[in-house]
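Asker:
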Amino acid sequence: HGAGWSFKDEYDIHLSLAYFGNQEYGRLFQTLKDNWQNYFQDKMKDGQGRDLAITFNSIGLYGFTDMATFFKVVRKENLH
Numbered sequence: 331h332g333a334g335w336s337f338k339d340e341y342d343i344h345l346s347l348a349y350f351g352n353q354e355y356g357r358l359f360q361t362l363k364d365n366w367q368n369y370f371q372d373k374m375k376d377g378q379g380r381d382l383a384i385t386f387n388s389i390g391l392y393g394f395t396d397m398a399t400f401f402k403v404v405r406k407e408n409l410h
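The opening position of the sequence shown corresponds to residue 331 in the numbering used here, with each subsequent residue numbered one higher.
#1: If you reduce the DSSP assignment to three classes, tell me which class residue 399 lands in.
#2: Within this structure, are the beta carbons of residue 370 and residue 359 separated by less than 8 Å?
#3: Under DSSP, the alpha helix (DSSP H) around residue 345 begins and ends at which residues?
#4: I need the DSSP call for residue 350, collapsed to helix, strand or coil.
#5: If you run the structure through DSSP and keep just helix, strand and coil, what is residue 372?
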């Protein structure tokens with residue numbers, strides 16, 4: 331909402347680190363998930379242990395019909 335987008339429902343913003351091409355890779359990730367969580371949690375701290383933030387200069391809104399089919403949502407103001 332702060333970026334000027336309006337939604338009917340609430341959405342949680344997320345950053346995807348990876349998409350897995352098949353079930354085998356997905357199962358492999360399950361064994362590494364805790365390691366990834368700890369790694370990125372550690373990398374998101376400064377030298378004094380304070381939380382860091384990721385700042386983005388632009389936003390792109392995409393919707394997923396399923397994990398293989400997605401579309402970009404274009405704001406009406408961008409269509410001029």
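We put the CB at the ideal spot given by N, CA and C, even for glycine.
Answerer: On the basis of the supplied data:
#1: strand
#2: no
#3: Neither: residue 345 is in no alpha helix (DSSP H) and is coded neither H nor E.
#4: coil
#5: helix
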